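S.K.: Questions regarding the structure given below will be posed in turn.
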Amino acid sequence: MIAELQQAVAKYAHALDELNVPELEAVLAEDTTWTFTMPGQGVLGPVAGRAAVLDFVRDGHTVQTGRVRHHLGNVVVTTTDAATAEVRAYLVQTRNTGESIQMISTGVYTFGLRRSDGGWRIAELTLTLDNAF
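Put into structure tokens, the structure is as follows:
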């Protein structure tokens with residue numbers, strides 16, 4: 025079960041970076057919510073529902089420059105039962121412009137996952153950034 029949960033959050037990060045909408049749809053619960061905390065900007069969100077989250081992701085991709093990557097590390101399953109789980113992971117976000125590589129931000133993700141017929145899906149995502157960007 026732990027490997028399945030780690031796989032779900034890794035699929036999320038890859039799909040997010042590649043703007044792979046079908047893969048994002050597969051890993052997000054239909055009623056998913058996203059909430060972000062950014063220093064100096066407070067709490068953003070929640071962005072509620074898979075359709076709204078996908079629009080949010082698409083909008084973010086239209087304004088980003090360079091190749092952005094969400095590197096997840098120190099992934100820990102903190103609670104789990106047969107139907108739900110919580111996973112925490114550190115985030116290091118980078119941008120490769122082709123000329124330089126920059127660290128954009130760091131932070132902590134907390135994923136609330138729920139088991140469905142299609143496997144584990146992200147029902148709630150909270151990201152607390154260490155710095156604004």
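Start counting the sequence shown at 25; every next residue gets the next number (this note's numbering). The beta carbon of each residue, even a glycine, is placed where N, CA and C say it ideally should be. Nothing here was measured: the structure is a model prediction, and the numbers come from that model.
What are the boundary residues of the alpha helix (DSSP H) that Gln31 is part of?
M.R.: 26-42
S.K.: At 3 residues or longer, what runs of the beta strand (DSSP E) sit wholly inside the segment 55-126?
M.R.: 66-72, 91-104, 108-120
S.K.: Give every residue of the same chain whose Cβ lies closer than 7 Å to the Cβ of Arg138, excluding the five residues on either side of it in the sequence, and list them in chain order.
M.R.: Ala53, Ala107, Thr108, Arg145, Ala147
S.K.: DSSP state of Ala50, grouped into three classes?
M.R.: helix
S.K.: What distance in whole Å lies between the Cβ atoms of Thr152 and Gly131, which are believed to be in contact at a cut-off of 8 Å?
M.R.: 5 Å
S.K.: Compute the Euclidean distance between the alpha carbons of Met62 and Leu115, then round it to the nearest angstrom.
M.R.: 13 Å
S.K.: When you compare the CB positions of Thr57 and Val71, do they come within less than 8 Å of one another, or not?
M.R.: yes
S.K.: So Val45 and Leu78 are supposed to be a Cβ contact under 8 Å. How far apart are they, rounded?
M.R.: 6 Å
S.K.: From Ser129 to Phe80, what distance separates their C-alpha atoms?
M.R.: 19 Å
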